[in-house]
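J.:
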Amino acid sequence: VKAAMNGLGIGDAEYLIEAWDEPEKKMVPTILNALQEVKRRLPTMRMCLTLGAQGCGMDAMEQLAPFVDGWVLWDYGYFDRPDCRAFVRRALAAGKHVSHYTCSTRSTMLRSDRYRGYRQRPWIAEANGLTGNDLFWFSDAAGGYGSQDWKVTPWGQIVYRSFDDFIPSVRA
Numbered sequence: 038v039k040a041a042m043n044g045l046g047i048g049d050a051e052y053l054i055e056a057w058d059e060p061e062k063k064m065v066p067t068i069l070n071a072l073q074e075v076k077r078r079l080p081t082m083r084m085c086l087t088l089g090a091q092g093c094g095m096d097a098m099e100q101l102a103p104f105v106d107g108w109v110l111w112d113y114g115y116f117d118r119p120d121c122r123a124f125v126r127r128a129l130a131a132g133k134h135v136s137h138y139t140c141s142t143r144s145t146m147l148r149s150d151r152y153r154g155y156r157q158r159p160w161i162a163e164a165n166g167l168t169g170n171d172l173f174w175f176s177d178a179a180g181g182y183g184s185q186d187w188k189v190t191p192w193g194q195i196v197y198r199s200f201d202d203f204i205p206s207v208r209a
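In the working numbering, each number is its position in the sequence shown, counted from 1, plus 37.
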């Protein structure tokens, strides 16, 4: 990825690579090991983590912090807590990217509070001095009831599901 980005004239400081999306606390040792290895081999590559509503705990965030260049934190949940706000202030002071996000699905967007979605979220970023305000749209159930897009192949493959892991299999 680094070679491809640099080959296109995009410097290391101009992009972040997401190491994991909404990890559970049990994944922290694996993620820490991966981030340490990336930083050992490619010290200028910038890595980020997206932390969801369930979080992974402040202790894990502190442990991961030396190897994370960007944090994408779920909605308002992290900003209601003084310990997390202090963490965010330290990360921003260290020059790290910190943004917050929400992820809507087709069903939640239809019933979501427009005030919260279009007015409150930008103010969360402003009030906390964040470097970004993200909105993700997740189109669920394209493969049928109960299936999310990222767990369904559009054609030619079979996906064996194992909770949030997947095992693809291509059949001729």
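We put the CB at the ideal spot given by N, CA and C, even for glycine.
#1: What number of angstroms, rounded off, separates the C-alpha of Gln157 from the C-alpha of Ala131?
#2: Short of 8 Å in beta carbon distance, which residues of its chain neighbour Phe173, apart from the five on each side in sequence? Order them along the chain.
#3: Could you compute how far the alpha carbon of Glu163 sits from the alpha carbon of Arg78?
#4: Measure from the alpha carbon of Gly48 to the alpha carbon of each residue in Asp58, Glu59, Lys39, Ser136, then state which is nearest.
#5: Pull up the distance between the alpha-carbon of Ala90 and that of Lys63, whole angstroms please.
#6: Exposed or buried, which one is Pro60 when buried takes at least 16 other CB atoms within 10 Å?
#7: Which one of Trp111, Met82, Leu45 has the shortest CA to CA distance from Asp58?
#8: Does the distance from the C-beta atom of Cys85 to that of Glu55 stay below 7 Å?
#9: Go ahead and label Leu45 buried or exposed: buried means 16 or more other beta carbons lie within 10 angstroms of its beta carbon, across all protein chains shown.
#10: Measure how close the beta-carbons of Val135 and Trp160 come, nearest whole angstrom, since I'm counting them as under 8 Å.
#11: Should Ala97 go down as buried or exposed, given a rule of 16 or more other Cβ atoms within 10 Å for buried?
#12: Measuring CB to CB, does Leu220 end up less than 7 Å from Phe104?
#13: If contacts are defined as beta-carbon pairs under 8 Å, then Asp106 and Leu167 qualify, I think. What distance do you get, rounded to the angstrom?
#14: Just mark Arg83 as buried or exposed, buried being the case when its beta carbon has 16 or more other beta carbons within 10 Å.
#15: As a quick exercise: from Thr87, Ala102, Pro119, pick the residue whose alpha carbon is nearest that of Lys76.
#16: Give the DSSP-derived three-state secondary structure of Ala179 in the structure shown.
T.: A quick look at the data gives this:
#1: 26 Å
#2: Tyr138, Thr139, Cys140, Ser141
#3: 36 Å
#4: Lys39
#5: 15 Å
#6: buried
#7: Trp111
#8: yes
#9: exposed
#10: Contact doesn't hold; Cβ gap of about 16 Å is too wide.
#11: buried
#12: In the structure displayed, the chain extends from 38 to 209; residue 220 sits before or after that span and is not available.
#13: Between Leu167 and Asp106 the Cβ distance is about 15 Å, and since that is not below 8 Å, they are no contact.
#14: buried
#15: Ala102
#16: Any answer about Ala179 is weak, because its pLDDT of 49 lies below 50 and its placement is not dependable; what the coordinates show is given next. It is coil, neither helix nor strand.
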